[in-house]
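Asker:
There are 4 protein chains.
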Amino acid sequence: MIQIFVTGGTFDKEYDMITGTLFFKDTHLEKLLDRGHCRLDTNIKTLMLKDSLDMTPEDRKLILDSCIAAQTDKIVITHGTDTIVKTATLLAENIKDKTIVMTGAMIPIKFGSSDGFFNLGSSLAFAQTLSHGVYISMHGRYFNWNNVRKNKEKGIFEVVE
Amino acid sequence: MIQIFVTGGTFDKEYDMITGTLFFKDTHLEKLLDRGHCRLDTNIKTLMLKDSLDMTPEDRKLILDSCIAAQTDKIVITHGTDTIVKTATLLAENIKDKTIVMTGAMIPIKFGSSDGFFNLGSSLAFAQTLSHGVYISMHGRYFNWNNVRKNKEKGIFEVVE
Amino acid sequence: MIQIFVTGGTFDKEYDMITGTLFFKDTHLEKLLDRGHCRLDTNIKTLMLKDSLDMTPEDRKLILDSCIAAQTDKIVITHGTDTIVKTATLLAENIKDKTIVMTGAMIPIKFGSSDGFFNLGSSLAFAQTLSHGVYISMHGRYFNWNNVRKNKEKGIFEVVE
Amino acid sequence: MIQIFVTGGTFDKEYDMITGTLFFKDTHLEKLLDRGHCRLDTNIKTLMLKDSLDMTPEDRKLILDSCIAAQTDKIVITHGTDTIVKTATLLAENIKDKTIVMTGAMIPIKFGSSDGFFNLGSSLAFAQTLSHGVYISMHGRYFNWNNVRKNKEKGIFEVVE
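Residue numbers (my numbering), protein chains in the order written: chain A, 17 to 177; chain B, 17 to 177; chain C, 17 to 177; chain D, 17 to 177.
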């Protein structure tokens, strides 16, 4: 079984036509798994729906505790990209016996041009095949938690040399 | 480097507004990798654009020869789902030293509801992480070439018990 | 009030992933009006879901009778493009006191590249503003029923000179 | 000929993946006319790409001057919805001999769920059929410039009773 934890991020942002800004309503994960005709044994749990810049230490603690409590060693987490490495670090320092794949999207799933559906496919595959550890899955690749950073000028993840 | 071979299948079918039928024009693979902000080192080569029910022994021979000649041990092949297992069998019987991930789509990529983009993400991930062998990647899962079949009534791939 | 009659056509065709062919399941009209934030007083009635090449004289009689019975003089009909002019002719010969706008799509609405949503917007506007008569609404234009034909090589509607 | 003036608004907003905010890059009007298989004689001119809350008196003057100078009496203007009525008022007070249809979108065209393509279809139809005057075209309807307001709580346009 693969546990999917939803925490928000660009992935799940929607357009609020009253205010003209982006906001969270619900996760799109279930619909995406349907569209992918996904036939993995998955469980989706929404821990929070937050821009990762707004995450508090309590939020990260909740993610950590949820991963520890999960009854499987295969976990996928959707997360905002801005602080995804920070959360990955907390998880890696405290969990050694699970494969945790964190992913996000550069563009919200509700946009036609979103990368989120592709990233979800990659992340579920990595969760099934990578050895225990904490990984960031973006751009079709996986990165080890301790040698990746988001290059905010270019909007991409890259290996820290 | 990951070699991507395009052979057609539902994945790349388009709607022909003159005849009202589905046909092939070009592959969508390059656009999909762009949309996925893919940063893998990939090479895309279109071997053919065919419904897999129309594939001849010569077509399968071309796929086999192309895989053998590929200068990498990581290969993703897009292929129609109806005879994908047949081609997988030919590849598996002749190639032992490469990871070959075959994938397709239940619904054409040009439909809003296609699973193809998700499958592409999974397949690229599996190609990076699975040991040498030939696999079918569908529904977020991978199947070994020798214990999978397409259930044509349900439109799904399933393990042969 | 605008009466919308659904008869099928390319507009409402979907992809059947079991057979790999196009088929009809349900009309998409209601969802499209929602997406358009449409605030017209409309009533949608599905008369049939057919490729217009398969329409029988009885089918056309049903469309005619439904238009005659409609409790409004503003009617939009979605219809396959191949025989839309034939049905328009029957309606025009029998109904003089209503504005009937017939429309369709070159590409099914379920494809990302469909023209159907645009055509629906045009057709509802024409139904509100054109004088009594029977019209074909395609390509952002309206055509009088008696000087239009579908150019099947080009896949467009054009004025008969 | 129908002159289309682009001024920005929600219609043309895109997602900036670097900053996570909405911004303007280019208008989508030309692509939309292509997707609609539009066969009207149109000319598209981008006057500005602005959120209508940021429009200055000089911006509105430019729109007015452009409408006056247009060599046709059929004009469609895409415009942000927040101050569309204000610009409509300026145009109506100064132009009497043209049909000017102003429209926008509640949701950006780059979102799958945008109403913009529908509104564009309606607006082009209204521009061909309504008598001289200034109109707001939204929700499948048209409103006279002098009895419409945007209800900002509901995000809809409604008649001023």
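All C-beta atoms in this analysis are idealised placements derived from N, C-alpha and C, irrespective of residue type, glycine included.
Residues of chain A with CB under 7 Å from S129(B), in chain order?
Answerer: Counting from 1 along the second sequence, the entry for residue 129(B) is found at position 113. Per Cβ cutoff of 7 Å: R51.
Asker: Just checking my contact of I16(D) with C83(D) at CB under 8 Å: how many whole Å lie between their CB atoms?
Answerer: With chain D covering 17 to 177 only, the question about residue 16(D) has no answer from this structure.
Asker: Sort out for me which residues DSSP pairs I93(A) with in a bridge.
Answerer: One-based indexing of the first sequence puts residue 93(A) at position 77. Answer is F21(A) and M118(A).
Asker: Show which residues of chain B have a CB atom less than 9 Å away from the CB atom of H155(A).
Answerer: Within the first sequence, residue 155(A) is the residue found at index 139, counting from 1. Here the neighbours are G52, H53, C54, R55 and L56.
Asker: Which residues does DSSP pair with R51(A) in a beta bridge?
Answerer: Sequence index remark: in the first sequence, residue 51(A) carries index 35 (1-based). The partner list for R51(A) (beta bridge, DSSP) is empty, contrary to what the question assumes.
Asker: If we call anything under 7 Å between Cβ atoms a contact, is F27(A) one with T94(A)?
Answerer: Stepping through the first sequence from its first residue, residue 27(A) is reached at position 11. Stepping through the first sequence from its first residue, residue 94(A) is reached at position 78. Result yes, Cβ atoms of F27(A) and T94(A) sit closer than 7 Å.
Asker: So, with DSSP's three-state summary, where would you put V176(B)?
Answerer: Looking up residue 176(B) in the second sequence gives position 160. Of the three classes helix, strand and coil, the one that applies to V176(B) here is coil, per DSSP.
Asker: Could you name the residues of the region 116-146 of chain C whose beta carbon sits closer than 8 Å to any beta carbon of chain E, in the order they occur along the chain?
Answerer: Looking for chain E here will not work: the only protein chains present are A, B, C and D.
Asker: Can you pull out the residues from the region 160-175 of chain B whose beta carbon lies closer than 9 Å to at least one beta carbon of chain A?
Answerer: Answer in chain order: G171, I172, F173 and E174.
Asker: Once DSSP output is grouped into helix, strand and coil, what is the label at T58(D)?
Answerer: Walking along the fourth sequence from the start, residue 58(D) turns up at place 42. DSSP places T58(D) in strand when its eight states are reduced to three.
Asker: Near S153(C), which residues of its chain fall below 6 Å by C-beta distance, leaving aside the five closest residues on each side in sequence?
Answerer: Here residue 153(C) refers to the residue found at position 137 when the third sequence is read from its first residue. Closer than 6 Å at Cβ, skipping near neighbours: V117, T119, S138, S139 and F142.
Asker: Tell me which residue opens and which closes the beta strand (DSSP E) that N167(B) is part of.
Answerer: In the second sequence, counting from the first residue as 1, residue 167(B) sits at position 151. Start and end: V164 to N167.
Asker: Relative to the alpha-carbon of M122(D), which residue among M71(D), F133(D) and H53(D) has its alpha-carbon at the smallest distance?
Answerer: Start at 1 with the first residue of the fourth sequence, and residue 122(D) comes out as number 106. Among M71(D), F133(D) and H53(D), the Cα nearest to that of M122(D) belongs to F133(D).
Asker: What does a CB cutoff of less than 8 Å around I18(D) pick up in its chain, not counting 5 residues either side in sequence?
Answerer: Within the fourth sequence, numbered from 1, the residue matching residue 18(D) stands at position 2. Taken in chain order, the residues that qualify are L56, D57, T58, N59, T88, K90, I91, V92, L140, A143 and Q144.
Asker: Strictly by DSSP, which residues pair up with K66(D)?
Answerer: The sequence position of residue 66(D) within the fourth sequence is 50, counting from 1. G24(D).
Asker: Go ahead and pull the three-state DSSP assignment for I111(B).
Answerer: One-based indexing of the second sequence puts residue 111(B) at position 95. Three-state result, I111(B): coil.
Asker: Closer than 7 Å by beta-carbon distance: list the chain D residues that pair up with T26(A), in chain order.
Answerer: Walking along the first sequence from the start, residue 26(A) turns up at place 10. Under the 7 Å cutoff, chain D gives G36.
Asker: List the whole-angstrom C-beta distance separating G96(D) from I34(A), where the pair is believed to meet the contact cut-off of C-beta under 8 Å.
Answerer: Here residue 96(D) refers to the residue found at position 80 of the fourth sequence. Here residue 34(A) refers to the residue found at position 18 of the first sequence. Rounded, the Cβ-Cβ distance is 14 Å, inconsistent with contact.
Asker: In terms of DSSP beta bridges, what is L38(C) paired with?
Answerer: What you label residue 38(C) is simply residue 22 of the third sequence in a count that begins at 1. Beta-bridge pairing links L38(C) to Y31(C).
Asker: List the endpoints of the continuous beta strand (DSSP E) containing T147(B).
Answerer: Locating residue 147(B) in the second sequence gives position 131, counting from the first residue. Before going further, note that residue 147(B) is Ser rather than Thr in the sequence given. No beta strand (DSSP E) holds S147(B); DSSP gives it neither H nor E.
Asker: Here's the rule: buried if 16 or more other CB atoms are within 10 angstroms of the residue's CB, otherwise exposed. What is A85(A)?
Answerer: Translated into positions along the first sequence, residue 85(A) becomes position 69. Counting Cβ neighbours within 10 Å, A85(A) comes out exposed, since fewer than 16 surround it.
Asker: Cα separation between T62(B) and F39(B)?
Answerer: As a working note, residue 62(B) is residue 46 in the second sequence. As a working note, residue 39(B) is residue 23 in the second sequence. Going by the C-alpha atoms only, they are around 16 Å apart.
Asker: Roughly how many whole angstroms lie between the Cα atoms of M71(C) and S147(D)?
Answerer: By 1-based counting over the third sequence, the position of residue 71(C) is 55. By 1-based counting over the fourth sequence, the position of residue 147(D) is 131. Approximately 38 Å, taken between the alpha carbons.
Asker: Could you tell me whether the Cβ of M33(D) comes closer than 7 Å to any Cβ of chain A?
Answerer: Translated into positions along the fourth sequence, residue 33(D) becomes position 17. At least one chain A Cβ lies under 7 Å of M33(D).
Asker: Does the beta-carbon distance from L48(C) to L136(C) come in below 7 Å?
Answerer: Mapped onto the third sequence, residue 48(C) falls at position 32. Mapped onto the third sequence, residue 136(C) falls at position 120. Yes, these two residues count as a Cβ contact at 7 Å.
Asker: Among I20(A), T37(A) and T43(A), which has the Cα closest to the Cα of I125(A)?
Answerer: Taking the first residue of the first sequence as position 1, residue 125(A) is located at position 109. Checking every option, the nearest Cα to that of I125(A) belongs to T43(A).
Asker: Starting from F159(D) and walking both ways along the beta strand (DSSP E), at which residues does that stretch end?
Answerer: Along the fourth sequence, read from residue 1 onward, the residue named residue 159(D) stands at position 143. Its beta strand (DSSP E) spans residues R157 to N160.
Asker: What's the gap between the Cα of D113(C) and the Cα of G149(C)?
Answerer: Residue numbering aside, residue 113(C) sits at position 97 when the third sequence is read from its first letter. Residue numbering aside, residue 149(C) sits at position 133 when the third sequence is read from its first letter. If you take the alpha carbons of D113(C) and G149(C), they lie about 7 Å apart.
Asker: With respect to the alpha helix (DSSP H) encompassing P73(A), which residues constitute its N-terminal and C-terminal limits?
Answerer: For this step, residue 73(A) is matched to residue 57 along the first sequence. Run containing P73(A): P73 to A85, per the alpha helix (DSSP H) assignment.
Asker: Suppose you measure from the CA of L69(B) to the CA of G25(B); what does that come to, to the nearest Å?
Answerer: Sequence index remark: in the second sequence, residue 69(B) carries index 53 (1-based). Sequence index remark: in the second sequence, residue 25(B) carries index 9 (1-based). Cα-Cα distance, rounded: 9 Å.
Asker: For V176(A), collect the residues of the same chain with a Cβ closer than 7 Å to its Cβ; drop the 5 residues on either side in sequence, then sort them by chain order.
Answerer: Residue mapping note: residue 176(A) aligns to position 160 of the first sequence, counting from 1. Excluding residues within five positions, the ones whose Cβ falls inside 7 Å are N163, V164 and R165.
Asker: In whole angstroms, what is the alpha-carbon distance linking V101(D) and C54(D)?
Answerer: For the purposes of this step, residue 101(D) is identified with residue 85 of the fourth sequence, where counting begins at 1. For the purposes of this step, residue 54(D) is identified with residue 38 of the fourth sequence, where counting begins at 1. So the two alpha carbons sit approximately 27 Å from each other.
Asker: T99(D): which of T115(D), D67(D), S129(D) and L80(D) sits nearest, CA to CA?
Answerer: Residue mapping note: residue 99(D) aligns to position 83 of the fourth sequence, counting from 1. Looking at the Cα atoms, D67(D) is the closest of the given residues.
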